[in-house]
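Plus 13 on top of the position in the sequence shown (first one is 1) and you've got my numbering.
In this text, a Cβ means the ideal position worked out from N, Cα and C, and glycines have one as well.
Please read all numbers here as calculations on a predicted model, not as lab measurements.
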Amino acid sequence: MIIDFHTHTFPDRIAKASIESLSKCSGITPHTDGTGEGLRRSMEEGGVDLSVVLPVVTKPSQFETVNKVAAKICEAGEGLLSFGGIHPECSDIRQKVREIKNLGLKGIKIHPAYQEVCADDIRYLRILDAATEQGLIITMHAGVDIGLPNPVYASVDRILHAVRETKPEKLVLAHLGGWKEWDAVEELIAGENVWMDTAFLEDYIDDGQFLRIIRKHGVEKILFGTDCPWSGQKESAERLRGLPLTEEEKERIFSGNAAKLLGSGGINNI
């Protein structure tokens, strides 16, 4: 089984425009058309059984709409499971997090670069605390963002500060702990009580450092992720299979760790 813990889709009516805008901003050629059906076709080609969709709330007014769409994705199933989203400037963070939990969503995505708030800002610390209270997963963009490279709102040192301040129980750091900040990941955050996904590594990190971070952090806290449509699911899976890991370790990264983190009912959408 393969669970991709980091993917993106857009509602059909805005998918084309969203993909074109983000592709132009980042300089990346997408692997799908950004729709749910496009992701499912990618999953079939890459042998992926379940994709976790991570929406980003870019302004507080989007909260209700984004989370209603996420709930509908989960209700439809068909191999997709969506997290919810929240903006750090939303009012009454604890109530908003409870609303996400009440929708039946398993987690929340936050993105410091798109939301223009530093990872250790008190507003994010409140979200991390509230998510832990509700037993929800938080996936946070970590490191540089290819489309919004400066300033680095989610630098590894800021993330470490947030982790030490809040001690979140289910925090997933995207992009192996910090995109293009992997030296700092190795030095500062590998081994902390967080999960890391493998999304959008491409040729930006060599296999040697990739493997060193996995070993230092612990294979039991690594989740397979791609950032599809920005990375190919098939290609990302093939790269992981090529690493000198045991078959048991690969199975844990591909699905075992994710299934454990998602918990009861988490993989019902397959």
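query	result
List the whole-angstrom C-beta distance separating A28 from D46, where the pair is believed to meet the contact cut-off of C-beta under 8 Å.	6 Å
Does K122 come out as helix, strand or coil in the three-state DSSP assignment?	strand
Give me the Cα-Cα distance between L116 and T48, rounded to the nearest whole angstrom.	22 Å
Buried or exposed: T78, going by 16 or more other Cβ atoms within 10 Å of its Cβ?	exposed
Sorry if obvious, but does the Cβ on I266 come closer than 6 Å to a heavy atom of the ligand SAH?	Summarising the ligand content, the structure contains no ligands, and the ligand SAH is consequently not present.
Could you check where the alpha helix (DSSP H) with D170 kicks off and where it finishes?	169–179
Thinking C-alpha only, which one of W195, Y137, N282, D220 is nearest H124?	Y137
Determine the burial state of D25: buried for a count of at least 16 other Cβ atoms within 10 Å of its Cβ, exposed for fewer.	exposed
My guess is that D134 and G92 are in contact by the Cβ rule of under 8 Å, so how many angstroms apart are they, rounded?	The pair is not a contact, with the Cβ atoms about 35 Å apart (cut-off 8 Å).
Specify, as a first and last residue, the run of the beta strand (DSSP E) that V66 falls within.	63–66
How is the beta strand (DSSP E) around F18 delimited, first residue to last?	16–20
Quick one, which of H154, V82, V110, P101 has its alpha-carbon nearest L94's?	V82
Can you give me the Cβ contacts of I202 inside the same chain, cut-off strictly under 6 Å, excluding the 5 residues immediately before and after it?	V169, L173, G190
Can you list, in chain order, the residues of its chain whose CB lies under 7 Å from that of A250, leaving out five sequence neighbours each side?	I15, G59, G60
Starting from L52, follow the beta strand (DSSP E) in both directions and report where the run begins and ends.	Looking at the DSSP string, L52 is not in any beta strand (DSSP E); the run it does join, the alpha helix (DSSP H), is 49–59.
Can you say whether G245 is buried or exposed, counting buried as having 16 or more other CB atoms within 10 angstroms of its CB?	buried
Hey, how far is the Cα of T179 from the Cα of I235?	21 Å
Cα separation between L118 and D219?	35 Å
Could you check whether V185 and T239 sit closer than 7 Å to each other, using their CB atoms as the reference points?	no
Grouping DSSP H, G and I as helix and E and B as strand, with all else coil, what is T152?	strand
What is the residue span of the beta strand (DSSP E) that V232 lies within?	That residue, V232, is in no beta strand (DSSP E); it is neither H nor E in DSSP.
Could you spell out the range, first to last residue, of the alpha helix (DSSP H) harbouring D210?	Careful: D210 lies outside any alpha helix (DSSP H), inside the beta strand (DSSP E) at 208–210.
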